[in-house]
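**Student:** Here you go, one structure.
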Amino acid sequence: MEKKKYSIKEDFSMLAILIIPIAVAVNFVGGQMASLLKLPMYLDTIGTIFAGMLCGPWVGAVAGGLTNIVTGIANPVNFAFIPVNVLAGLVTGFLARGNMFSNWWKWLISMVIMAITSIASAAPIVVLVYGGVTGSGTSIITATAMAAGANIWAAVIGTEGVFTVLDRIISFAISILVIRVIPDRTLVKYGCGANYIKKKSATAQSDKK
Amino acid sequence: MTWREKLRLHKSNPLAALYPSSKLLVVLLYSFCTMLIGTIKVGAGHYPLWLIPWFLVVPVLCAASGIFKRFCHAFTKVLAIVVIIFVVQSLLIPDKVVVWQLGFLKVYQSGLQSAIYLSFCILNIAGIFVWMFQTTEYKEMSRALEDSGMDYKAAYVFISTLQMINILGKNSRTIMNAQRARGVETQGNMLVRAKAFFPSLVPLILGAITNSEERVLTLESKGFDVKCKKTHLFELERTGKEPVVNVISIIITLAVVVWRVALWVL
Chain A
11 MEKKKYSIKE DFSMLAILII PIAVAVNFVG GQMASLLKLP MYLDTIGTIF AGMLCGPWVG
71 AVAGGLTNIV TGIANPVNFA FIPVNVLAGL VTGFLARGNM FSNWWKWLIS MVIMAITSIA
131 SAAPIVVLVY GGVTGSGTSI ITATAMAAGA NIWAAVIGTE GVFTVLDRII SFAISILVIR
191 VIPDRTLVKY GCGANYIKKK SATAQSDKK
Chain B
45 MTWREKLRLH KSNPLAALYP SSKLLVVLLY SFCTMLIGTI KVGAGHYPLW LIPWFLVVPV
105 LCAASGIFKR FCHAFTKVLA IVVIIFVVQS LLIPDKVVVW QLGFLKVYQS GLQSAIYLSF
165 CILNIAGIFV WMFQTTEYKE MSRALEDSGM DYKAAYVFIS TLQMINILGK NSRTIMNAQR
225 ARGVETQGNM LVRAKAFFPS LVPLILGAIT NSEERVLTLE SKGFDVKCKK THLFELERTG
285 KEPVVNVISI IITLAVVVWR VALWVL
């Protein structure tokens with residue numbers, strides 16, 4: 011990749027601006043589908059992760075933040091989780107920029123990093139703002155663990171941890187599947203898209219707008 | 045009446061017709077007051093009981109804005125979560141002092157304290173946000189954001205997001221039905237259901253990405269990227285009562301602050 015002065019504004023090209031609504035809608039639809047298929051996960055960060063992987067950290071962060079603002083309009087409880095989704099977008103974006111999604115062991119490391127950030131940012135909000143339960147399916151398990159005498163932090167981190175890891179694996183798999191089938195001529199137009207093109211030509215055309 | 049005037053929103057209720065920034069001020073000050081009132085402990089048990097009468101403000105405000113039915117509908121989700129939080133907090137946080145006992149169920153004092161504090165803080169703050177969003181339409185919000193100096197691109201992203209949710213929601217149902225017709229199982233054990241997730245979501249995202257390329261062309265041909273002053277079809281009007289509402293809410297906030305400080309000093 012050619013070294014050149016980088017500015018956040020460049021991240022928000024026309025295509026990136028149009029990716030944000032799609033990412034938010036995918037988050038929304040993914041969450042709906044997960045509850046339709048009765049999966050015990052939220053799966054509502056697929057769009058955020060996808061935007062982060064394709065367009066870099068800042069677009070991912072905006073997509074994540076906007077998701078919770080929009081869902082918060084219907085249910086203001088979601089406002090408190092804005093930092094979690096913003097962080098998910100940021101971390102995924104930085105990993106993508108560092109080309110951490112190119113082979114399987116890098117995938118594993120990235121997934122672990124993504125899961126840890128999301129648990130570390132979600133657990134304090136769940137405990138301090140909502141007292142351990144958020145009314146989702148996992149809350150029952152958390153409450154059971156607390157009733158059995160577990161510490162509130164241990165109960166939240168334990169249950170959230172298991173489901174967050176599963177959540178991240180599925181979200182990540184979907185994002186990488188989609189990116190794999192996007193044609194190269196489209197991929198190069200996105201900020202981090204050039205990282206996913208298999209046979210790179212000698213002169214990288216990554217920063218093409 | 046010209047066609048541009050017809051595009052405007054004409055609300056009969058004076059509270060619902062307030063300018064969005066004025067509503068936002070009310071929401072922020074109310075949330076601040078809620079936090080402050082939550083620190084006032086009452087009685088022998090040190091419960092933040094003032095939060096409960098304070099919560100009456102929200103339904104009264106909604107009824108006065110003429111959206112009581114919509115408020116109740118939107119608020120049931122919040123209420124369900126708060127009930128769970130209340131039960132978990134009051135029953136599951138062990139403490140020495142048992143306030144109330146029924147068989148093996150014990151309500152502890154510190155648990156009840158945090159249960160009242162958390163659940164009524166959430167009810168208050170979530171409730172006032174519900175009021176704002178139920179009285180304000182999306183295009184009003186995005187127009188007000190633009191007027192307050194936000195980039196028109198950001199306002200476009202906001203409006204476009206809300207449309208995109210509807211579009212992709214519709215598409216996802218179509219895709220799921222199509223995949224079901226082709227034999228993808230959506231019932232069964234968890235693994236089967238998790239597998240059904242992929243063939244529904246991947247085509248959805250791909251389709252949206254391909255469409256976005258066309259959308260860029262459309263937007264650019266309409267001059268979205270041109271650097272000049274933009275015109276608007278939709279105009280927001282102020283009712284003229286905004287300063288009154290702002291002053292009243294600031295006075296109430298100051299009264300709450302004085303009350304709180306007085307309790308500290310005395």
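Sequences listed follow chains A and B, in order. Numbering of the first sequence is given in the working numbering, commencing with residue 11 and proceeding in unit increments. Numbering of the second sequence is given in the working numbering, commencing with residue 45 and proceeding in unit increments. Beta carbons are placed, not taken as given, at the ideal position from N, Cα and C, and that holds for glycine. Since the model is a prediction, treat every value here as computed from it, not as a measurement.
Thinking C-alpha only, which one of B:Arg187, B:Gly82, B:Gln153 is nearest tyrosine 161 (chain B)?
**Tutor:** B:Gly82
**Student:** Would you list, in chain order, the members of the stretch 138-170 of chain A that have their beta-carbon closer than 7 angstroms to a beta-carbon of chain B?
**Tutor:** Tyr140, Gly141, Gly142, Val143, Thr144, Gly145, Ser149, Ala153, Met156, Ala157
**Student:** Could you check whether the Cβ of valine 101 (chain B) sits closer than 8 angstroms to any Cβ belonging to chain A?
**Tutor:** no
**Student:** For the candidate residues A:Ala26, A:Val39, A:Met51, whose alpha-carbon lies nearest to that of glutamate 170 (chain A)?
**Tutor:** Nearest C-alpha to glutamate 170 (chain A): A:Met51.
**Student:** Listed from N- to C-terminal order along the chain, which residues in the stretch 89-118 of chain A have their beta-carbon within a distance smaller than 8 angstroms of any beta-carbon of chain B?
**Tutor:** Phe89
**Student:** What residue does the alpha helix (DSSP H) around tyrosine 152 (chain B) start on, and which one ends it?
**Tutor:** Element bounds for tyrosine 152 (chain B): not the alpha helix (DSSP H) but the beta strand (DSSP E), 149-152.
**Student:** Considering only C-alpha positions, which residue in the set B:Pro243, B:Leu93, B:Arg226 is nearest to serine 216 (chain B)?
**Tutor:** B:Pro243
**Student:** With a 10 Å radius around its C-beta and 16 neighbouring C-beta atoms as the bar for buried, classify leucine 72 (chain B) as buried or exposed.
**Tutor:** exposed
**Student:** Against chain B, does alanine 125 (chain A) count as a neighbour if the rule is that its beta carbon must be under 8 angstroms from one of theirs?
**Tutor:** no
**Student:** Check the Cβ-Cβ distances between lysine 218 (chain A) and every residue of chain B, and say whether any is below 8 angstroms.
**Tutor:** At lysine 218 (chain A) the pLDDT is 47, less than 50, meaning the model places this residue with poor confidence; the figure from the coordinates comes in the next sentence. Not closer than 8 angstroms to any Cβ of chain B, the Cβ of lysine 218 (chain A) fails to qualify, so no.
**Student:** Using 8 angstroms as the limit for Cβ to Cβ distance, is methionine 43 (chain A) near chain B?
**Tutor:** yes
**Student:** By the criterion of Cβ-Cβ separation under 8 angstroms, what are the contact partners of phenylalanine 60 (chain A) in chain B?
**Tutor:** Ile249
**Student:** Hey, serine 293 (chain B) and valine 70 (chain B): beta-carbon distance below 8 angstroms or not?
**Tutor:** yes
**Student:** Hey, could you find the ends of the alpha helix (DSSP H) valine 122 (chain B) is sitting in?
**Tutor:** 112-136
**Student:** Output, in chain order, the set of chain A residues within a Cβ distance shorter than 8 angstroms of threonine 205 (chain B).
**Tutor:** Ile30, Pro31, Val34, Ala35, Leu76, Val80
**Student:** Taking C-beta pairs closer than 7 angstroms, name the residues in chain A that serine 216 (chain B) reaches, listed in chain order.
**Tutor:** Val39, Met43
**Student:** Give me whichever residues DSSP pairs with tyrosine 196 (chain B) in a beta bridge.
**Tutor:** Tyrosine 196 (chain B) pairs with nothing; no bridge assigned.
**Student:** State buried or exposed for glycine 75 (chain A), treating a residue as buried only when at least 16 other CB atoms are found within 10 Å of its CB.
**Tutor:** buried
**Student:** Could you check whether the Cβ of alanine 212 (chain A) sits closer than 8 angstroms to any Cβ belonging to chain B?
**Tutor:** Note that alanine 212 (chain A) scores 47 on pLDDT, short of 50, meaning its location in the model is unreliable; the coordinates nonetheless yield the value given after this. Chain B contact via Cβ: absent.
**Student:** Measure the C-alpha to C-alpha separation of serine 17 (chain A) and alanine 204 (chain A) and round it to an integer number of angstroms.
**Tutor:** 18 angstroms
**Student:** Give a yes or no on whether 8 angstroms exceeds the smallest Cβ distance from glycine 82 (chain B) to chain A.
**Tutor:** No, its Cβ sits nowhere closer than 8 angstroms to a Cβ of chain A.
**Student:** Give me the chain A residues within the contact set of arginine 187 (chain B), using Cβ-Cβ distance strictly less than 7 angstroms, ordered along the chain.
**Tutor:** What arginine 187 (chain B) touches in chain A: nothing, since even the nearest Cβ is about 16 angstroms away.
**Student:** Rounded to a whole number of angstroms, what is the C-alpha to C-alpha distance between proline 86 (chain A) and valine 174 (chain B)?
**Tutor:** 7 angstroms
**Student:** Specify, as a first and last residue, the run of the beta strand (DSSP E) that glutamine 145 (chain B) falls within.
**Tutor:** Glutamine 145 (chain B): member of the beta strand (DSSP E) spanning 142-146, first to last residue.
**Student:** Pick out the complete alpha helix (DSSP H) segments inside the stretch 164-209 of chain B, 4 residues or longer, and give them in chain order.
**Tutor:** 182-191
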